[in-house]
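Participant:
In our numbering, the protein residues as written are 72 to 422.
1. Which same chain residues end up closer than 7 angstroms to residue 184 when comparing Cβ atoms and leaving out the 5 residues on each side of it in sequence?
2. Is it the case that the Cβ atoms of residue 432 and residue 332 are separated by a distance below 8 angstroms?
3. Where does residue 394 sit, in a helix, a strand or coil, going by DSSP?
4. Since residue 244 and residue 260 are thought to touch, with beta carbons under 8 angstroms apart, how far apart are those beta carbons, to the nearest angstrom?
5. Round the Cβ separation of residue 299 and residue 203 to the nearest angstrom and send it over; I've been treating them as touching at under 8 angstroms.
6. Compare the beta carbon distance of residue 216 and residue 95 with 8 angstroms and say whether it is the shorter of the two.
7. Taking the continuous beta strand (DSSP E) assigned at residue 260, which residues delimit it?
8. Closer than 7 angstroms by C-beta to residue 431: which residues in its own chain qualify, once you throw out the five before and the five after it? Chain order, please.
9. Could you tell me which whole beta strand (DSSP E) segments of length 3 or greater appear in the segment 84-157?
10. Measure the alpha-carbon distance for residue 211 versus residue 149 and round it to whole angstroms.
11. Rounded to whole angstroms, what is the Cα-Cα separation between residue 278 and residue 219?
12. Using the three-state DSSP reduction, which class does residue 411 fall into: helix, strand or coil?
13. Please state the DSSP three-state secondary structure of residue 420.
14. Can you pull the DSSP bridge partners for residue 216?
15. Hey, how far is the Cα of residue 387 from the Cα of residue 86?
16. Once DSSP output is grouped into helix, strand and coil, what is the label at residue 374?
17. Can you tell me whether residue 310 is buried or exposed? The criterion is at least 16 other CB atoms within 10 Å of its CB, across all chains shown.
18. If I'm right that residue 342 touches residue 327 with Cβ under 8 angstroms, what's the distance once you round it to whole angstroms?
19. Buried or exposed for residue 374, going by 16 or more other Cβ atoms inside 10 Å?
20. Would a C-beta distance cut-off of 8 angstroms place residue 168 and residue 160 closer than the cut-off?
21. Report the partner residues of residue 211 according to the DSSP bridge assignment.
22. If we count the other Cβ atoms within 10 Å of its Cβ and call it buried at 16 or more, is residue 142 buried or exposed?
23. Measure the alpha-carbon distance for residue 162 versus residue 147 and round it to whole angstroms.
24. In three-state terms, what does DSSP make of residue 160?
25. Near residue 340, which residues of its chain fall below 8 angstroms by C-beta distance, leaving aside the five closest residues on each side in sequence?
26. Since residue 288 and residue 231 should fall inside the 8 angstroms C-beta cutoff, what is the C-beta to C-beta distance between them, to a whole number of angstroms?
27. In angstroms, rounded to a whole number, what distance separates the CA positions of residue 144 and residue 320?
28. Measuring CB to CB, does residue 360 end up less than 8 angstroms from residue 412?
29. Quick one: give me the first and last residue of the alpha helix (DSSP H) that residue 287 is part of.
30. Between residue 207 and residue 188, what straight-line distance do the alpha-carbon atoms span, to the nearest angstrom?
31. To the nearest angstrom, how far is the alpha carbon of residue 316 from that of residue 304?
Here it is as structure tokens:
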């Protein structure tokens, strides 16, 4: 395809790049955690008020960060800047620095660790001395801008770091964290032709593995919905951890396919709200998929007497998205579908 850009436009663009391109002087330094924390305590490394966020990390973020260090995992670069008075301004890394200081002050007690579960309930001073020293000497890699960097450029860097890129969603993180037989099986399920037809997922959502998330939710809630209490992400992570290497693939596959065949046969719109819907609401999918799965476990040859309830206000109430993380809501919607299907069958048998 021929370009419509003229030589004059190219020259103008080149001049603009030259005039606005920032020549930034910086170097890379490795600071041990104990040195980093000490400098922060002495206000040698400081957080500017002009554009930095407040200390907003939740305990789950703090614990995950500390666990990553203890596991020896790589930590993303921080960005500092030298200043005229000889101190260092923290451009990006304030949350991490404050978490390190809080932990080393014994003001953070480790909890809900995913891997180092034996450290739950430990403060910094409770660590074995060898690991205290190892923690202290772990280095953080810092990109340090020169003291000639203007406040405008520092603010621009902060803004770019915190607004560019799309944060990985739980489905993307889970796919990368739990590679193995079960994750491979879930991917196979997403390629099932019936699933693709009755459960539409937008191209953008597919790229972020939302279809894989739906399949995972089916198995997790079908097998363990009574164990769910509040946080869906933690519930799914825990389920996949205990299932990833020990599951009956043939049985899981058969149950998934039976559920899809039933939905395809008896649910006019599949998992969609309407015939023309291009996406599948998670809550609606959970209600129908898990409810059908539970009903088929009780009566594999189930033939529903009526499907009119699918358009009822009760079903609509059960499949609204608010309070979807409530245990009562999850149980309520999957059991509602199960009970409506089984009740219809019982009535049909009596006639």
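Ideal placement from N, C-alpha and C gives every residue a C-beta, glycine not left out.
Facilitator: According to the data block:
1. The answer, listed in chain order, is 134, 138, 190 and 191.
2. This structure does not reach residue 432, given that the chain is present from 72 up to 422, and the question cannot be answered.
3. With a pLDDT of only 48 at residue 394, under the threshold of 50, the placement of this residue in the model should not be trusted, and no figure is reported.
4. Contact between residue 244 and residue 260 fails: their C-beta atoms lie close to 19 angstroms from each other, not under 8 angstroms.
5. With a Cβ gap of about 37 angstroms, residue 299 and residue 203 do not count as contacting.
6. Their beta carbons are under 8 angstroms apart, which means residue 216 touches residue 95 by this criterion.
7. The continuous stretches of beta strand (DSSP E) do not include residue 260, which lies in the alpha helix (DSSP H) extending over residues 252-261.
8. The shown model of the chain, from 72 to 422, leaves out residue 431, and the question about it has no answer.
9. Counting only runs of 3 or more, we get 97-103 and 149-153.
10. Residue 211 and residue 149: Cα-Cα distance of roughly 8 angstroms.
11. If you take the alpha carbons of residue 278 and residue 219, they lie about 42 angstroms apart.
12. DSSP places residue 411 in helix when its eight states are reduced to three.
13. Note that residue 420 scores a pLDDT of 44, beneath 50, so its modelled location is shaky; the value from the coordinates is reported in the next line. Under the three-state reduction of DSSP, residue 420 is assigned to helix.
14. Answer is 97 and 152, bridged to residue 216.
15. In this model, residue 387 and residue 86 are separated by some 59 angstroms (Cα to Cα).
16. In the structure shown, residue 374 sits in coil (DSSP, three-state: anything other than H, G, I, E or B).
17. Under this definition residue 310 is a buried residue.
18. No, residue 342 and residue 327 are not in contact; Cβ-Cβ is about 14 angstroms, not under 8 angstroms.
19. Answer is exposed; the Cβ neighbour count stays below 16.
20. The answer is no: Cβ separation not under 8 angstroms.
21. As a beta-bridge residue in DSSP terms, residue 211 pairs with 102.
22. It is exposed - the Cβ of residue 142 has fewer than 16 other Cβ atoms within 10 Å.
23. The straight-line gap from Cα to Cα measures roughly 14 angstroms.
24. It is a strand residue.
25. If the five residues before and after residue 340 are omitted, its C-beta is found closer than 8 angstroms to the C-beta atoms of 346 and 348, all from its own chain and listed in chain order.
26. About 35 angstroms; that fails the 8 angstroms criterion.
27. Roughly 32 angstroms between the two C-alpha positions.
28. No. Outside cutoff.
29. Segment 281-295, the alpha helix (DSSP H) holding residue 287.
30. Cα to Cα, the separation comes out at about 21 angstroms.
31. If I take the Cα positions, the gap works out to 20 angstroms.
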